[in-house]
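Colleague: The structure's right below; bear with me while I get my questions together.
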Amino acid sequence: MKKALPIVAIVGRMNVGKSTLFNRLSESARSITYDYAGVTRDIITDTVSWKDRTFQLVDTGGIAIKKITEDFIAEEVRTRAIAAVHNADVVIFVCDGTIGILPEDRSLARWLHKEGKKAILAINKIDTKDAKEHQHEFLRLGFERMVPISAQHSIGIADLFDDILALLPEPQEIPPQEKPRCKLVILGKPNVGKSSLLNLLLKKDRAIVADMPGTTREAITEQMQFATETIQLTDTPGIRRKRGVTEPIEKLMVKSALASLEDADVVLLMMDASEGRIVDQELKLAFYIFEERYKGLIILYNKEDLVTEQMKEDLEFSLDEYRYFLDKVEEIRTSVLTKKNIGRLLKKIDSVCTRYNKQFTGEELFHLFKEALEAKPLYRSQQRLIVYHAEQIKTAPITIALTVGEPKWFGPSQLGFFERILRQYSDLKGVPIKFVLRKKRPNN
C-alpha cells in the first residue's frame, strides 16, 4: 500500500529566496523566481527525494503573521501560507543573511515557536561578505537547527537535506491513487476567469482570484474527482502576445503556461465573450493547440452573464471566417460567476477525454478509406492515389499510419480528405487526428 508523504513547507518574509530554494530542492524547477517582492502567490508543491526518503515540498508566498494591508491578493497569500505551515510536518524558515534579522523575521520566529512546529532556520545568501557579518545574529531566533545556505549556488543544500530527513516523521499508509484518466490544462489571456473555473471545478478555493490580470503566476495542478475517475486539472498564468509582455516575470509566466500544455491531453481555452470579439492571438493559440500540438480542445466563451445580444452577434461575426476550424473543436458559452452551463461543460470534458483515446481497427480504417477513394478518387500529377494499408498506431492523440505509393503526393489537401471521411464516420469533435505516411515497399 502507498504511504502518505510527509510535508515540508518553505516559509519566510518576501524576497528572501524561498522559490530559489524550492527550485534547488525540487526535482523540477516550477516556481518562478525573480528579484522582485511578492513573486510567488499560490501554493506550489513538488515531490522531492533525498537518500532513501521522499517528501512533499511546498513553496509559499511571503508570509506576515499580522494583517498589514488591505490588498486582497496579499491577504490571500498570507492566509494560504499560514495554512501551509499548519499542514506541514517540517518547516524551513528562510531568512536573508545579507540583511540580518528584521522585525518580520522575529514575528515569524515567535509564531513558529508558539505553533510548536519542527523547524529549520535556513540563513540564505551566505556566499556574500555582508552575510558573514550578520550570521551570528540569527542565534537569537532560538532555533536548534540552523543551516547557512546559498540557494542560488547550492551551498549547504546537502546539510539542509540531512536536517530535513532527521525531522521527518514516518510516512503513513494510504490507499493507492489511480492514474488520472485525463490531464486537462486551462489556458487563456489574463483575467478571463481561469482561476475561478479551477476553484469551481475543484469545489474549493485553490487558486487566488482577483479582478485584475496576472493574479496567477505559476501553474497550479490538482486532482479532480469526476464520477468514479480522477482527472488532473492545471490552471496556468495568462498568456499575452509577446509585444504585450513588458515585465521579465510575465515572460516566465508565459513560458510556464506553455510548458503545462506539453503534458496536457485536453485544453480548456477560455475567452472573454463580453469583449464581443476574439483576437488573433487567441485564434493562433487555438490552432497551435489543436493542429500543431495535437491536444483535445474545448473553447469556453466565458462571462456570458455580461454579454448583450449585440455582443453575441459581434462575436459570432468575428468567428464566421474560422468556422471551418471551429467546427472540429468543442465550443461552449459559460458564466463561471453564475455557474451557467458548467454541467454541460463537464459532459463535454467527459466526451472529449473519451474521444481522445478512441481506438479504430486497421480493417475498419482501410475499408473506410478504400470505399471513400472508390466513390471519389484523388489524383496527383494525373496519377490516381491509392492507400494500400491503414492502421491506428497510437491514441491520445489518434494517430493513423497510411501506407501509400508516394508519400510526397499526400499533402494537406489529401490528408484533409481522409480526416473529413473519418470525422463523418465517427464523432471526433474536440480531438485532433494525426496522420503518418509510410511508403509501400516494392515486395508488399
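With the numbering used here as the guide, the letters of the sequence shown map in order to residues 42 to 485. We put the beta carbon where it would ideally sit given N, CA and C, even for glycine.
(1) Exposed or buried, which one is residue 128 when buried takes at least 16 other CB atoms within 10 Å?
(2) Which residue wins for smallest C-alpha separation from residue 133, given the options 60, 140, 235?
(3) Would the stretch 362 to 369 and the stretch 301 to 308 be scored as touching if the rule is three or more Cβ pairs under 8 Å?
(4) At which residues does the alpha helix (DSSP H) containing residue 152 begin and terminate?
(5) Can you look up residue 255 in the DSSP assignment and give me helix, strand or coil?
(6) Does the beta-carbon of residue 477 have 16 or more other beta-carbons within 10 angstroms, so that it is buried, or is it exposed?
(7) Are there three or more Cβ pairs, one per stretch, closer than 8 Å when the stretch 404 to 411 is compared with the stretch 430 to 446?
(8) When we look at the beta-carbon of residue 386 and count the other beta-carbons within 10 Å, is it buried (16 or more) or exposed?
(9) Using the Cβ count rule (16 or more neighbours within 10 Å means buried), how would you classify residue 52?
(10) Any idea if residue 376 is buried or exposed, counting beta-carbon neighbours within 10 angstroms, 16 or more meaning buried?
(11) Can you grab the Cα-Cα spacing for the pair residue 167 / residue 135, in whole Å?
(12) Between which two residues does the beta strand (DSSP E) holding residue 242 run?
(13) Taking just the CA atoms, how far does residue 414 sit from residue 374?
(14) Go ahead and pull the three-state DSSP assignment for residue 224.
(15) Which of helix, strand or coil does DSSP assign to residue 314?
(16) Between the stretch 391 to 401 and the stretch 463 to 483, do three or more beta carbon pairs fall short of 8 Å?
(17) Between residue 155 and residue 266, what straight-line distance do the alpha-carbon atoms span, to the nearest angstrom?
(18) From residue 347 to residue 315, what does the alpha carbon distance come to, in whole angstroms?
(19) Starting from residue 420, follow its DSSP beta bridges and name the residues at the other end.
(20) Can you give the beta carbon distance from residue 479 to residue 444, rounded, assuming they're within the 8 Å contact cut?
(21) Under three-state DSSP, which class holds residue 374?
(22) Please confirm if the stretch 222 to 234 is in contact with the stretch 91 to 103, defined as three or more CB-CB distances below 8 Å between the two stretches.
(23) Note the first and the last residue of the continuous alpha helix (DSSP H) segment covering residue 366.
(24) For residue 57, which of helix, strand or coil comes out of DSSP?
(25) Verify whether the separation of the beta carbon atoms of residue 131 and residue 198 is less than 9 Å.
(26) Measuring only the C-alpha atoms, how far is residue 222 from residue 437?
(27) When the Cα atoms are used, what is the spatial distance from residue 435 to residue 441?
Modeller: Reading off the structure:
(1) exposed
(2) 60
(3) no
(4) 144 to 156
(5) At residue 255, the pLDDT of 40 sits below 50, so the modelled position is not reliable; the number obtained from the coordinates is stated separately. Correct three-state label for residue 255: coil.
(6) exposed
(7) yes
(8) buried
(9) buried
(10) buried
(11) 12 Å
(12) Looking at the DSSP string, residue 242 is not in any beta strand (DSSP E); the run it does join, the alpha helix (DSSP H), is 235 to 243.
(13) 38 Å
(14) strand
(15) helix
(16) yes
(17) 37 Å
(18) 6 Å
(19) 425
(20) 5 Å
(21) strand
(22) no
(23) 364 to 367
(24) coil
(25) no
(26) 11 Å
(27) 7 Å
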